[in-house]
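Report on the following structure.
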Amino acid sequence: MREPIHPLDRMRAAARRSMPPSAWDYLMGAAVDEHTARRNSSRYAELPLLPRVCVDVSSVDTSCTLLGTELAAPILLAPIALQKLFHLDGEHGTLAGAAAGGVLPVISMESSVSLPDLTDAGTPFWSHLYIQRDRGLTRELVAQAEEADAGALMVTLDSPVAGARYRQDAAMLHLPDGVQRANLPPATAGRLTGGYLDPSVTWADIEWLVANTQLPVVGKGVLHPEDALRACAAGAAAVVVSNHGGRNLDTAAATVDCLPGVADAVAGRVPVLVDGGIRRGTDVLKAIALGASAVLVGRPYVWGLATGGAAGVRTVIDLLHDELAAAMALTGAPRLDRVDADLLTIFSVRGRPCR
Ligand SMILES: Cc1cc2nc3c(=O)[nH]c(=O)nc-3n(C[C@H](O)[C@H](O)[C@H](O)COP(=O)(O)O)c2cc1C
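Read in order, the letters of the sequence shown are residues 2 to 356 in the numbering used here.
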């Protein structure tokens with residue numbers, strides 16, 4: 002087989018060699034036949050760009066502000082659980098790499114480093130939450146995020162139960178010694194999936210969460226435009242178009258196909274973010290063109306973490322950032338507010354399956 006050409010594909014191959022096969026299958030696995038996970042990224046490559054020429058792009062500005070935080074590029078690192086499975090530094094490496102790259106990490110509730118241990122450095126981050134069956138524990142997790150000075154609380158909306166993850170289950174049913182969910186009580190901390198999810202969560206619980214924290218609440222995991230509006234009505238400060246990286250419901254729509262419908266419905270009430278399958282700077286550009294304020298990148302930064310700790314995470318961020326800047330120059334869009342649906346061909350913009 003030919004060596005991969007793209008640096009991120011090379012890094013992905015190196016990451017696979019760097020970790021036990023069980024950790025790789027946990028990271029890369031998705032639900033059932035993994036159609037959605039594949040489609041999340043293949044759909045970006047299928048969307049043709051329609052560049053504009055003879056625009057002065059001698060200075061390209063990729064920076065933006067999201068809920069009060071300045072970012073060098075419209076990129077966040079998605080919440081990914083249990084990062085000590087991939088590198089000894091775990092979430093410390095992610096936090097440091099994100100700070101070096103000028104972007105914002107979202108630290109999973111299922112972090113393998115506890116939030117108080119992680120956030121001493123005063124580096125900007127957002128905290129992530131699954132609402133717990135035990136609302137008292139949920140309140141404690143929220144208080145912990147507030148005390149750690151998180152910029153926002155990202156609550157997952159799309160996981161009443163875990164998806165059927167056959168690849169993951171075949172590889173790993175229990176966490177290896179030395180890796181645990183450091184923010185959770187021991188009863189739930191050691192199980193690989195499921196124990197920390199509450200299938201009874203409804204919009205009333207999101208309203209309850211918004212009323213019980215001073216932090217802006219970001220709702221992660223909407224695909225349907227009406228759910229995005231429900232999240233806004235519940236008080237969300239931003240929404241994330243996400244299908245959990247294809248790990249929950251296989252054959253769920255690719256996120257890029259749902260983004261325009263959600264962005265239209267939300268109509269600027271709150272920022273719309275998107276994740277799933279972002280692998281190239283042009284993917285970031287297309288997401289912004291279709292109405293996203295920023296994207297979240299998932300598995301790729303873990304390839305960086307696995308191969309180089311914080312420096313590896315930064316390499317991934319820099320790569321996507323540089324590619325985004327080049328793509329903006331090559332499409333005649335020197336600033337993010339010049340990136341709009343005109344950059345995509347009429348064919349791709351009109352195909353809006355999620356209405
Ligand atoms: C190993 C792994 C663990 C994850 N853990 C969480 C989590 O704790 N909470 C959550 O909301 N999403 C979690 N996700 C989903 C990501 O936040 C994100 O939605 C997804 O990875 C984006 O897709 P991408 O990996 O194709 O970029 C996880 C994803 C992976 C691959």
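Quick reminder that beta carbons are idealized off the backbone N, C-alpha and C, glycines included.
query	result
Determine the closest residue to Pro106 out of Ser115, Ser113, Gly94 and Pro117, with distance taken between C-alpha atoms.	Gly94
By how many angstroms is the C-alpha of Thr63 removed from the C-alpha of Gly313?	21 Å
In the structure shown, what three-state DSSP assignment does Val275 receive?	strand
Closer than 7 Å to a non-hydrogen atom of ligand 1 - does that hold for the CB of Gly278?	yes
Would the stretch 228–243 count as touching the stretch 205–218 if we require 3 or more Cβ pairs under 8 Å?	yes
Checking 8 Å against the spacing of the C-beta atoms, do Ser243 and Gly262 come in under that value?	no
Is any heavy atom of ligand 1 found at a distance shorter than 7 Å from the C-beta of His245?	yes
Rounded to whole angstroms, what's the CA-CA distance from Ile6 to Leu250? Just pull it up for me.	31 Å
Can you tell me the Cβ-Cβ gap for Ala253 and Ala229, rounded? I've got them flagged as a contact below 8 Å.	Actually they are not in contact, since the Cβ atoms of Ala253 and Ala229 sit about 15 Å apart, beyond 8 Å.
List the DSSP bridge partners of Arg280.	In DSSP, Arg280 forms no bridge with anything.
Should the stretch 199–207 be regarded as contacting the stretch 175–188, the criterion being three or more beta carbon pairs within less than 8 Å?	no
Rounded to the nearest angstrom, what separates Gly102 and His36 at their Cα positions?	31 Å
As a quick exercise: from Ala293, Ser19, Arg140 and Leu68, pick the residue whose alpha carbon is nearest that of Asp338.	Ala293
Go through its chain and collect everything with a Cβ distance to Asp341's Cβ below 7 Å, but skip five positions before and after it.	Ala290
Under the criterion of a Cβ to heavy atom distance below 7 Å, does Lys221 qualify as lining ligand 1?	yes
Quick check: the stretch 152–165 against the stretch 11–27, are at least 3 beta-carbon pairs closer than 8 Å?	no
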